[in-house]
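Enquirer: Sharing a structure here in structure tokens format.
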Amino acid sequence: MLTAAKVVLVILSVLLVLVILLQSGRSAGLSGVITGGSDQVVNRRARGVDSLLAKVTVVLAILFFLVTLLIAYLHVHSA
């Protein structure tokens, strides 16, 4: 059980990193002011995708936290 939880934690870690990297930064809107308007047209994303990625990030972070607590519990009570 402990090994399975550790494998799930590694998978959640990789997914969490990927989802965070897919999100656009908070300062993405400011880059158009500095570099010009053509940069915004090329890198524009739908707001729905950013909203979905934000929700997926929250869910993955909660799952990561819960699995970490489960591993700690199993580690303490397995000895």
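Be aware that the sequence shown starts at 171, since it is given in my numbering, and climbs by one per residue. Glycine residues also receive a C-beta, built at the ideal position from the N, C-alpha and C atoms.
If I measure Cβ to Cβ from K176 and keep anything under 7 Å in the same chain, skipping five residues before and after, which residues do I get?
Expert: Counting from 1 along the sequence shown, the entry for residue 176 is found at position 6. So the qualifying residues of the chain are I241.
Enquirer: Around the Cβ of V246, are there at least 16 other Cβ atoms within 10 angstroms (buried) or fewer (exposed)?
Expert: As a position in the sequence shown, residue 246 is number 76, starting the count at 1. Per the 10 Å Cβ criterion, exposed.
Enquirer: Around the C-beta of L222, are 16 or more other C-beta atoms found within 10 angstroms, so that it is buried, or is it exposed?
Expert: Along the sequence shown, one-based indexing puts residue 222 at 52. L222 is exposed by the Cβ-count criterion.
Enquirer: Spatial neighbours of V178 within its chain, please: C-beta separation below 8 Å, excluding the five flanking residues on both sides.
Expert: Locating residue 178 in the sequence shown gives position 8, counting from the first residue. Counting only Cβ-Cβ distances below 8 Å, and skipping sequence neighbours, we find V237.
Enquirer: Report yes if the CB atom of V189 is closer than 7 Å to the CB atom of V229, and no otherwise.
Expert: Position 19 of the sequence shown, counted from the start, is the residue given in the question as residue 189. Position 59 of the sequence shown, counted from the start, is the residue given in the question as residue 229. Cβ atoms of V189 and V229: not closer than 7 Å.
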